[in-house]
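Novice:
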Amino acid sequence: MRRLSWFHCCFILWTWLEVFPASSFPLFGVSKRKNCGRLNSSSSTTPTSHERLLLSGQKPPFLAVITEPDACGSDERVAQTLHVLQRVLSVSGVNLISVRVTSDSKKSRVVQLVRGLVQLAEGESSSENPGVRIVVTSDWVDAAMEGGAHGIHVKESHRERIPEIRKQFEPRQPLIGTSAHSIVSAQSAMQNFQPDYLFVGTCYPTQTHPEKLDLEGPELPGQVMEVIQYGCPVFAIGGIHANNCAEPISMGATGVATIRAILQAKDPAVVVCGMKHNMQQAFVKSE
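With mature numbering (1 follows the signal peptide of the UniProt record, and there is no 0) as the guide, the letters of the sequence shown map in order to residues -24 to -1, 1 to 263.
#1: Counting only runs that start and end within the region 199 to 261, where is the alpha helix (DSSP H) found for 4 or more residues in a row?
#2: Using a Cβ-Cβ cutoff of less than 6 Å, which residues in the same chain neighbour residue 129 once the five nearest sequence positions on both sides are dropped?
#3: What runs of the alpha helix (DSSP H), each 4 residues or longer, lie entirely inside the region 75 to 124?
#4: Which residue's Cα is closest to the Cα of residue 207: 52, 166, 51, 137?
#5: Since residue 271 and residue 194 should fall inside the 8 Å C-beta cutoff, what is the C-beta to C-beta distance between them, to a whole number of angstroms?
#6: Cβ of residue 34 versus every heavy atom of the ligand PLP: is any distance shorter than 7 Å?
#7: Under the three-state reduction of DSSP, which class applies to residue 67: helix, strand or coil?
#8: So, residue 221 versus residue 254, is the Cβ gap smaller than 8 Å?
#9: Could you check how far apart the C-beta atoms of residue 182 and residue 231 are, in whole angstroms? I think they sit under 8 Å.
#10: So, at 8 Å on beta carbons, what are the nonlocal neighbours of residue 256 in its own chain, with the 5 sequence-adjacent residues on each side left out?
#11: I'd like the list of long-range same chain contacts for residue -14, defined as Cβ closer than 7 Å, with 5 residues on each side in sequence excluded.
#12: Closest to residue 246 by CA distance: which of 217, 34, 52, 109 is it?
#13: Residue 90 and residue 124: beta carbons closer than 8 Å?
#14: What does a CB cutoff of less than 6 Å around residue 223 pick up in its chain, not counting 5 residues either side in sequence?
#15: Quick one: residues in its chain with C-beta nearer than 7 Å to the C-beta of residue 251, no 5 flanking neighbours on either side, listed in chain order?
#16: Could you give the uninterrupted runs of the alpha helix (DSSP H) lying entirely in the region 116 to 183, keeping only those of 4 residues or more?
#17: Look up residue 39 in the DSSP assignment and say whether it is helix, strand or coil.
#18: Have a look at residue 198 and residue 134 and give me their C-alpha separation to the nearest angstrom.
#19: Could you give the DSSP three-state label for residue 196: helix, strand or coil?
#20: Go through its chain and collect everything with a Cβ distance to residue 261's Cβ below 7 Å, but skip five positions before and after it.
#21: Using the beta-carbon count (16 or more within 10 Å), is residue 148 buried or exposed?
#22: Put residue 72 into one of helix, strand or coil per three-state DSSP.
#23: What three-state label does DSSP hand residue 46 in the structure shown?
#24: Looking at residue 72: is its Cβ nearer than 8 Å to the Cβ of residue 93?
#25: Using three-state DSSP, classify residue 59 as helix, strand or coil.
#26: Quick one: residues in its chain with C-beta nearer than 7 Å to the C-beta of residue 138, no 5 flanking neighbours on either side, listed in chain order?
#27: Measure the beta-carbon distance from residue 238 to residue 64 and round it to whole angstroms, keeping in mind my assumption that it falls under 8 Å.
#28: Please state if the CB of residue 88 and the CB of residue 54 are separated by a distance shorter than 8 Å.
#29: According to DSSP, is residue 51 helix, strand or coil?
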């Protein structure tokens, strides 16, 4: 039988990968970042909750956008936030939107915002951002469920509620994330609650917490990734913008989360593209 040439073998392999993308395989690529979000201990071919963020067609580096605290301060602010995020989702790049608003917001406005974001994520913007997920902070679980959110971002101080929150969403499997400000905190979260992703920081000075001077730094997210053995995606958070977003990625983070750098930009879509480009460059160099 005639042997295939090296060229033909490469062509067949390329065709195979085009037909069956990386997300179809048990492992997501081969790099020093392991599988960037899948539990190494899982041998089942059935998708676990820890794979949902990636199996939807998304690959690192990831970009999360967090709403401004006053996003539900009035009906006008809700409309403004939805308008800006519609522009954000008009280009490819965003993987996660986290609704984080003040505790004195009206529930009806939170529901309105969540519902509008879900419609954007699953409607007209879905072609540019397939699989983008909407989560809401753990202060607003009822509003999140009513608005159809994909999951909950559980505050570090609310972690004990994670089993209860998962039960509330049954039979749906919610995307569950949480925050960590140290390696010990991240280890505890993974061992006890198995979140689907982590926000880790504070990396840089930030307007959200201007009083915080003792920063964890941009290296912490990468350190957490190593310690938790790549058990889930880790987003660097705190003072992230286009000019520094590549640094935590180069140090091992699988994504970044930001607020004002995108939401207060003159052209949010341009900023998204710029950040994603810078992150991708850093990610490729660090592999």
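Yeah, the Cβ is synthetic: ideal placement off N, Cα and C, and Gly gets one too.
Just so we're clear, the structure is a prediction, and the values are computed from it rather than from any experiment.
Specialist: Checking against the coordinates, here is how it stands:
#1: Runs found: 222 to 226, 236 to 239.
#2: Closer than 6 Å at Cβ, skipping near neighbours: 74, 111, 113, 153.
#3: For the region 75 to 124, whole alpha helix (DSSP H) runs of length 4 or above, ordered along the chain, are 83 to 98, 117 to 123.
#4: Comparing Cα positions, the closest option is 166.
#5: Because the chain here runs from -24 to 263, residue 271 falls outside it and cannot be looked at.
#6: Among the ligands in the structure shown, none appear at all, so the ligand PLP cannot be discussed.
#7: DSSP places residue 67 in the coil class of the three-state scheme, outside both helix and strand.
#8: Taking C-beta atoms as the reference points, residue 221 and residue 254 count as a pair closer than 8 Å.
#9: Here residue 182 is actually not in contact with residue 231; their C-beta atoms are around 17 Å apart, not less than 8 Å.
#10: 37.
#11: Low per-residue confidence applies at residue -14: pLDDT is 47, beneath 50, and the placement is therefore not dependable, though the value from the model is reported in the following sentence. Once the five neighbours on either side are set aside, residue -14 has no close Cβ partner at all.
#12: Between residue 246 and the set 217, 34, 52, 109, the nearest pair of CA atoms involves 217.
#13: The Cβ atoms of residue 90 and residue 124 sit closer than 8 Å to each other.
#14: 194.
#15: Result list for residue 251: 39, 218, 221, in chain order.
#16: You should have 117 to 123, 138 to 145, 159 to 169.
#17: In this structure, residue 39 counts as strand in the three-state DSSP scheme.
#18: C-alpha separation (whole angstroms): 24 Å.
#19: DSSP places residue 196 in helix when its eight states are reduced to three.
#20: Result list for residue 261: 226, in chain order.
#21: Around the Cβ of residue 148, a 10 Å sphere holds fewer than 16 other Cβ atoms; the residue is exposed.
#22: Taken through DSSP and simplified to helix, strand or coil, residue 72 comes out as strand.
#23: Three-state DSSP puts residue 46 in coil, outside helix and strand.
#24: For residue 72 and residue 93, no; Cβs fall outside 8 Å.
#25: Correct three-state label for residue 59: helix.
#26: Listed in chain order, the non-local C-beta contacts of residue 138 below 7 Å within the same chain comprise 130, 152, 169, local neighbours out to five positions each way being set aside.
#27: Yes, they are in contact, since the Cβ atoms of residue 238 and residue 64 sit about 6 Å apart, within 8 Å.
#28: In this structure, residue 88 lies closer than 8 Å to residue 54 by Cβ.
#29: When DSSP states are grouped into helix, strand and coil, residue 51 belongs to the helix group.
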